[in-house]
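Q: One structure, as structure tokens, below. Some questions next.
4 protein chains.
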Amino acid sequence: MKKTINKLWGTAFKIQPKEQAVLFAAGRDLRGLPPADEILIPYEIKASTAYAHALYEQQIITESEHKKIISSLKQLAQLHEQGKFKLDPTKEDVHSNVESWLIKKLGIDIAGKIHSGRSRSDQVSVDLILYMKDVNEVLQNEVETLIKALNSHAKKHADTILPAYTHHQHATVTTFGNMLDSYAVAFKKDLQKLKSWHELEEISPLGSAAAYGSTYPIDKNNINKHLGLNQVFSNEIQVMTCKGDAETLMVFNLSMLMNHLSSLAQTLIIFSTKEFNFIQISDEYSTGSSIMPQKKNPDSLEVMKAKASMCHGYLMSLLSLTKAPFIGYNRDQQWTKYLVMDSIQEVALAPKIMTGVIETMTVNQKVMTDWTTKGFILAQALMEGLAMEFQLPMRLAKLIIEETIKKCDEQTGFQLLQLNKVIREYQLAISVSQEQFDSWTNPLLVAQKQMKKIL
Amino acid sequence: MKKTINKLWGTAFKIQPKEQAVLFAAGRDLRGLPPADEILIPYEIKASTAYAHALYEQQIITESEHKKIISSLKQLAQLHEQGKFKLDPTKEDVHSNVESWLIKKLGIDIAGKIHSGRSRSDQVSVDLILYMKDVNEVLQNEVETLIKALNSHAKKHADTILPAYTHHQHATVTTFGNMLDSYAVAFKKDLQKLKSWHELEEISPLGSAAAYGSTYPIDKNNINKHLGLNQVFSNEIQVMTCKGDAETLMVFNLSMLMNHLSSLAQTLIIFSTKEFNFIQISDEYSTGSSIMPQKKNPDSLEVMKAKASMCHGYLMSLLSLTKAPFIGYNRDQQWTKYLVMDSIQEVALAPKIMTGVIETMTVNQKVMTDWTTKGFILAQALMEGLAMEFQLPMRLAKLIIEETIKKCDEQTGFQLLQLNKVIREYQLAISVSQEQFDSWTNPLLVAQKQMKKIL
Amino acid sequence: MKKTINKLWGTAFKIQPKEQAVLFAAGRDLRGLPPADEILIPYEIKASTAYAHALYEQQIITESEHKKIISSLKQLAQLHEQGKFKLDPTKEDVHSNVESWLIKKLGIDIAGKIHSGRSRSDQVSVDLILYMKDVNEVLQNEVETLIKALNSHAKKHADTILPAYTHHQHATVTTFGNMLDSYAVAFKKDLQKLKSWHELEEISPLGSAAAYGSTYPIDKNNINKHLGLNQVFSNEIQVMTCKGDAETLMVFNLSMLMNHLSSLAQTLIIFSTKEFNFIQISDEYSTGSSIMPQKKNPDSLEVMKAKASMCHGYLMSLLSLTKAPFIGYNRDQQWTKYLVMDSIQEVALAPKIMTGVIETMTVNQKVMTDWTTKGFILAQALMEGLAMEFQLPMRLAKLIIEETIKKCDEQTGFQLLQLNKVIREYQLAISVSQEQFDSWTNPLLVAQKQMKKIL
Amino acid sequence: MKKTINKLWGTAFKIQPKEQAVLFAAGRDLRGLPPADEILIPYEIKASTAYAHALYEQQIITESEHKKIISSLKQLAQLHEQGKFKLDPTKEDVHSNVESWLIKKLGIDIAGKIHSGRSRSDQVSVDLILYMKDVNEVLQNEVETLIKALNSHAKKHADTILPAYTHHQHATVTTFGNMLDSYAVAFKKDLQKLKSWHELEEISPLGSAAAYGSTYPIDKNNINKHLGLNQVFSNEIQVMTCKGDAETLMVFNLSMLMNHLSSLAQTLIIFSTKEFNFIQISDEYSTGSSIMPQKKNPDSLEVMKAKASMCHGYLMSLLSLTKAPFIGYNRDQQWTKYLVMDSIQEVALAPKIMTGVIETMTVNQKVMTDWTTKGFILAQALMEGLAMEFQLPMRLAKLIIEETIKKCDEQTGFQLLQLNKVIREYQLAISVSQEQFDSWTNPLLVAQKQMKKIL
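Residue numbers (the numbering used here), protein chains in the order written: chain A, 23 to 477; chain B, 23 to 477; chain C, 23 to 477; chain D, 23 to 477.
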């Protein structure tokens, strides 16, 4: 035997699947989820740094203590970047780990002051807000890139006539470009929602301690000067009364984004069936079968649907979790952290993958267009042309077209002869000319009128 | 037997439950839900009026036709207000009903033109947007009223000392006013979200026909001149690509509002148990038992929790419903209408009822305050005082207080003698004075420092 | 104008849509929901009758009181059947209404005894259990009918060759009958789940009073003798500790049923697109368009998907509602009633409508079958034939077929010449004969082997 | 400074928190989730072994091939147990990993046959079923242990009088034992549901290939002889038509279990507040605060509520995910695996932790009992005693007690004098004796009558 086997699921592909597409479709089979606090290390360092500055400015720590703490935190950040700082699982969480590291390095007499007026509660909250702010901004970039890709392909296919569907059935005509553009609009709305998060929920909790403040003369605004968050809490207890709000809004926004992505995915999946044959997904975004040698599967798109459903569930958990808590922190509220982080890891690659699918797909223009000249797909336009030209009530024109449909064959579609025959049966003193008929049943003309590109 | 029975569930109340509270708690036992389209009648008339204006301005109908249609729609609005226009169940929906009424009144030659370039799809969508805009505005007023009530009671109880809870346990102290204020902040955030809906989702769909436009020279901006909505669709297909977005965001906002209401409700329910006895819910917002003559139940508050859960489910249905639709309208998407309307009927009274509960409850100030002088509730403040006064690391001060707790009895609480003893064990050359001790364990002083009312 | 308009949405149908299908797709546009307790009237009468018997048997009421109460309840049942008993909305609920009616008729000295040892709590619970038992049994019949319809059409299409899909792509072949049968199996599993409800949750709560019993010597088993429910509570408090269990399991079962129905619906919707053209949904189960004269939309099937999503939400509400209640009844738990009733009204017609769709659809056998002779759809069977015949490792046979695919054209499909060429490249001393090749690429033969109808 | 800091959150505990309790409450802060397929390794080996047996019995592989494959799989199992078999992340999944390992060891000529007639689809499904069967059985044991613990404590507290709550208010009396027993009943119901999973969903999918079977003469029943699952699929396609059913039912069962656990948790959390002071959670199941030296928090119980909410979300994702799939496997369905595995990792420890909490908590019998002699808590019993003794209608007795309540003071509770006064006002020729009064207001007697321990 001369040849070797690379991947058990197939050798029939011309282009190998994109690594990211493989990763996206592979889910968590061979990739676990890291501890939540591992991801939060840089945010914990950032928040502790801001807090140390504020402690110094309020004269709770001395200049020398401040210097030592700040330079130690810088060193810690470097160690972490170099992969040399690992969380010790016996030390409960990232907050204990970082503080313990400082105590070990600087001694309790100095490092034992960093927690002055601070609680694990506001630490958890501020790390999470900093993290969410970051990922939300990255996501906005990805969505913008997707919108650009859609806009660019919408332009390219501005005149590619496509059946327009309602109920999965031919309703009238439109263009493939117009359809892509409608998804670009959907993602623009999602982008607006992602942006609104900063206004509605990017609020610094640091300084609220365990949600009831501390007697230390900490200045919440001063702290935030170093954090740079959009707002600061106005009431300490609010940090708990509103616990989970920021996470929930973020996961809601992700759910909306994923639902729009899943709709585009579903449309492309159906368009890429053998039976529709409107488009072909590139090999880069497809996978094969372990048993069927000929298969090319649109896994990247299918997985969009799974990820939408994942977000639904995470959102539901968040809502159920934050229903009816008694005043103040309760340990169950810690789980909001995992929910928002799990959501983000599910969604992270989705816009980028969709951008790739759009940019690499093949569009079978002829197949799409062929359907727009078949059957009665242009009935609405014909009815409207008739009504407008002869000032007929639209309801009467509709009856006439319906009668005409009964007299024509679906294979051949509308026939002018039959149309004029029905008109005569209605005892109307009008007659449609061949020129009129041709114009009202010209797919591109109809699509352009419908899109108000011509009036 | 001389006396008669009024209500089977009890005669022990001094004040009769408020009618609205009864309605709120009664749910749908004796009250069904009206047909969705009954509620939409005024919006259908408004949208049809706007559309008729636009048809005239585009010269699709004549001046005389326009006059007749407009005056007929006015008449219909009056009939409806007088309760004289009922939907005919054999005529499918409000759209067919209104159009049929017009056709019956004006004949098909005139009224048969009103549907020119319009589809049931954009009719459904525009009616729903108009309805949501309305109810959203009403709700904002209700929430503002609730915020005012909370603010006013927060002021009244600015110095009412209350145990501050975490994990349902005494953590430190705060004031009852501060706690109420923290909920006011939560509702302000909800209000901001309710308002953001108009920016994000108040978009006119009228003129998109069945989401692919029509060949009639309809001007979507012209239509909206008469509707006055915030925005207009930018792509016809968007109306379907984003179908359900407006409903889903609204129900999400309601869910957040209800979750905050349910948290306040839960806190008040627990505060009003015999064991806590911190507050008493007014008879106006309580109900009795069919079997226990002495019962006064905080039903109004309990129902808040049910209504939060109802919203969770409606939101879930919306998300599940709008996942992965194929391009264009599909009939299942009609169900978004019922979901948003059901959510609104559940939530409608909630802020008003909460306002009433807040305004009529009795606060047992003494009971609350008594707890703030018991046990070790002021441990955090004592630790912080110690650390600040003697520039001790907070971590060391914490150890000292923990040791002191072991030496004191929970009944009597902290004893200065024991505290100083522990300090000596730590070989620290300091000693806490009675004055210092008294100041650090003064609940009101501690609360005010924590709230930064004094620094 | 000679003709009149019947339905605004179209006159192009040969057969008018089935009334039930119209009702099913119409949702709640023109049909509201009745008050929950209106539906519960017969169950309240049944439960009160059982309770009166038990009171008599325990000698809590006299023979004469018993006689009067029983005959009054019989009379009330008749009045209700004749539509002459209406719930008075000032009397809180069905329980108060029935008891008040009895008191008015028999006086408080007799009727005032019916509530002895009973609470509204156990009344609500028992009415709901009786109602659920009933609807669950009706639903089981409907599902059985659907299974029969599927079985019968599965037999009819036992040899109708169909492309077998994975990832919406041609994977191999199967028969249309086999596909229908797989849904019959799914519904059989649903039926089993519906049946298991009786075992798991059909438990009489009557006699538990407000979940803590009463001091009346009521015998719970005696009561149930007259109710005929599957089981009786074993601990009074259980009725509240498990409050909502029966409703939640029922709505879960409905969700599973609806998900299976929605999958069948989705498959048929895609099969009935113009592009697939595998089946046609009968006019009886389709609807038209208000604007597109040619449309026939599979609304009945689309609505299945909406109703699945409705159940998801109702289930979520139930779970959120019944999370973490404090011991004993709380008013929010009343909402479980509306959730189960709303679920049932959504689902009620679904199996019947699906039965109708299946029984009336047209199957375009030739279109289906044509696809099974195109392209490389039989690659798996060819690979397996090769491997089995020559005792090749399946992994090697897969490589050979993949290479062959690269050498052949998708239009013409596999060519024996190319296959043998690849085999030679692999230096294997074998050769496939025309007869072997034909047998391995015969769709019906392959399907039958795969289904183990031939071995 | 002489002492060192062990845990930042506190040194005030007498007993250190149980390791498992710490793990339970810690969530995923420092502990990630392993790759899903790592957990599935033993099940993949088991399924491959069964399949190899079946291949040999059908003479698809030779005796010698069979021997080699089986002994290799045994070796692999040993390597895995010894921690020496790691999944290679470049090899897609556990199925590819195991097959590749076999190919590497035995060569493609032998190991290349193991996949004959098998697909990744049925491999994924069978591994998951084997895994679920296992964990479901383990869970049943844990729940049984919890039930035993509750039963044992219920016996111990059979006479510990407790206020009986409805609406969080004193309704009547019961015993602490009876309350615990009611949760035991709830868990018995959950156990029954866990068991029903095996009947309803433990179905072998192996042999269905990619859900359309293969032309290999594989015998599904023969395979299952080696797997020992409850049932075998009856239609190949069913494996996909019902894809996710087993996972969804399992997560539903977990949701029900967690909801019951969360209710018990909530009740114990409230009982352990300072204000109730009915019970104390052992230090072993509590945690401290990073800032409040005195805190002991019932984290173990709070986390039960989070985990209930997590299950709600996972269930919703499963339902949303499995709504309306097109016939056959689609990649999104792979995500059902992560959902069921995530649910199980959340729930796994919950029953054990609750068992521990129950077994170690301290019950403050006196505090509970004191409340049962205060106020009007025994009004129902008094009313019932009055009604039974004098054969009064319960409704009349209720009025009398309500009037009596108005005349008495809540501090002193019912007074016989006032009761008889009201009776006289009602012109009834009866009078309650001191003995009767005492008996009707004896908490233990009342509780026992209510529980039918005495009649």
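The beta-carbon is built from N, C-alpha and C at its ideal position, and this holds for glycine as well.
Measuring CB to CB, does residue 283 (chain D) end up less than 8 Å from residue 303 (chain D)?
A: It is not a contact, given that the beta carbons lie outside the stated cut-off.
Q: Does any CB atom of chain A fall closer than 8 Å to the CB of residue 299 (chain B)?
A: no
Q: If you scan the stretch 106 to 165 of chain D from start to end, which runs of the alpha helix (DSSP H) of 4 or more residues do you find wholly inside it?
A: List check, alpha helix (DSSP H) in window: 116 to 128 and 130 to 133.
Q: Taking only beta carbons into account, state which residues of the stretch 333 to 358 of chain B come closer than 7 Å to chain C, listed in chain order.
A: 334, 335, 336, 338, 339, 342, 343, 352, 353, 354, 356 and 357
Q: Which bits of chain A does residue 48 (chain D) rub up against, with CB to CB less than 8 Å?
A: 114 and 115
Q: Which residues share a DSSP beta bridge with residue 254 (chain D)?
A: D:226
Q: Look up residue 270 (chain A) in the DSSP assignment and say whether it is helix, strand or coil.
A: helix
Q: What is the DSSP secondary structure of residue 475 (chain D), counted as helix, strand or coil?
A: coil
Q: From residue 470 (chain D) to residue 430 (chain B), what distance separates their C-alpha atoms?
A: Cα to Cα, the separation comes out at about 41 Å.
Q: Can you say whether residue 306 (chain B) is buried or exposed, counting buried as having 16 or more other CB atoms within 10 angstroms of its CB?
A: buried
Q: Taking 8 Å as the cut-off, does the stretch 259 to 278 of chain B touch the stretch 222 to 241 of chain B (at least 3 CB pairs, one atom from each stretch)?
A: yes
Q: Near residue 70 (chain A), which residues of its chain fall below 7 Å by C-beta distance, leaving aside the five closest residues on each side in sequence?
A: 95, 120 and 136
Q: Spell out a yes or no on whether the stretch 381 to 401 of chain D and the stretch 81 to 90 of chain A are touching, meaning 3 or more CB-CB pairs, one atom from each, closer than 8 Å.
A: In this structure the stretch 381 to 401 of chain D does not lie against the stretch 81 to 90 of chain A, because fewer than three pairs of beta carbons, one per stretch, are closer than 8 Å.
Q: Which residues mark the beginning and the end of the beta strand (DSSP E) in which residue 195 (chain D) is found?
A: 191 to 197
Q: Would you say residue 405 (chain D) reaches chain B, if we count a Cβ-Cβ gap shorter than 8 Å as a contact?
A: yes
Q: Are the stretch 175 to 183 of chain A and the stretch 198 to 207 of chain A touching by the rule of at least three beta carbon pairs closer than 8 Å?
A: Two segments are said to touch when three or more pairs of C-beta atoms, one from each, lie closer than 8 Å; by this definition the stretch 175 to 183 of chain A touches the stretch 198 to 207 of chain A.
Q: Report the rounded CA-to-CA distance for residue 443 (chain C) versus residue 400 (chain C), giving the unit in angstroms.
A: 19 Å
Q: Between A:79, A:148 and A:316, which has its C-alpha nearest residue 244 (chain A)'s C-alpha?
A: Distances from the alpha-carbon of residue 244 (chain A) to those of A:79, A:148 and A:316 put A:79 closest.
Q: Taking beta-carbon pairs under 7 Å, can you tell me which members of the stretch 405 to 439 of chain B lie near chain A?
A: 406, 407, 409, 410, 415, 416, 417 and 418
Q: What are the partner residues of residue 302 (chain B), as DSSP defines its beta bridges?
A: DSSP lists B:384 as partners of residue 302 (chain B).
Q: For the beta strand (DSSP E) containing residue 183 (chain A), list its first residue and its last residue.
A: Element bounds for residue 183 (chain A): 183 to 188.
Q: In terms of residues, what are the limits of the alpha helix (DSSP H) holding residue 232 (chain B)?
A: No alpha helix (DSSP H) holds residue 232 (chain B); DSSP gives it neither H nor E.
Q: Look at residue 345 (chain D) and residue 281 (chain C) and say whether their C-beta atoms are less than 8 Å apart.
A: yes
Q: Using a Cβ-Cβ cutoff of less than 6 Å, which residues in the same chain neighbour residue 453 (chain B) once the five nearest sequence positions on both sides are dropped?
A: 442
Q: Residue 54 (chain A) touches chain D at which residues, Cβ-Cβ below 9 Å?
A: 54, 55, 56, 57, 58 and 60
Q: Along the alpha helix (DSSP H) that carries residue 243 (chain D), what are the first and last residues, could you check?
A: 242 to 249
Q: How big is the Cα-Cα spacing for residue 223 (chain D) and residue 218 (chain C)?
A: 13 Å
Q: Mind the definition here: the stretch 236 to 243 of chain A touches the stretch 145 to 152 of chain A only if three or more C-beta pairs lie below 8 Å; say whether that holds.
A: Result no; under three Cβ-Cβ pairs closer than 8 Å.
Q: What does the Cβ neighbour count give for residue 61 (chain B), buried or exposed, with the cut at 16 atoms within 10 Å?
A: Counting every other CB atom within 10 Å of its CB across the protein chains shown gives residue 61 (chain B) a total of 16 or more, marking it as buried.
Q: Taking C-beta pairs closer than 7 Å, name the residues in chain G that residue 327 (chain D) reaches, listed in chain order.
A: Looking for chain G here will not work: the only protein chains present are A, B, C and D.
Q: Less than 8 Å between C-beta atoms, sequence neighbours within five positions excluded: which residues of the same chain meet that for residue 327 (chain D)?
A: Excluding residues within five positions, the ones whose Cβ falls inside 8 Å are 284, 287 and 288.
Q: Have a look at residue 63 (chain C) and residue 73 (chain C) and give me their C-alpha separation to the nearest angstrom.
A: 15 Å
Q: Given 7 Å as the limit, tell me if residue 409 (chain C) has its C-beta closer than that to any heavy atom belonging to the ligand MN.
A: With respect to small molecules bound, the structure shown includes none, and the ligand MN cannot be examined in it.
Q: Name the residue from D:364, D:354, D:191 and D:104 whose alpha carbon lies nearest to the alpha carbon of residue 190 (chain C).
A: D:354
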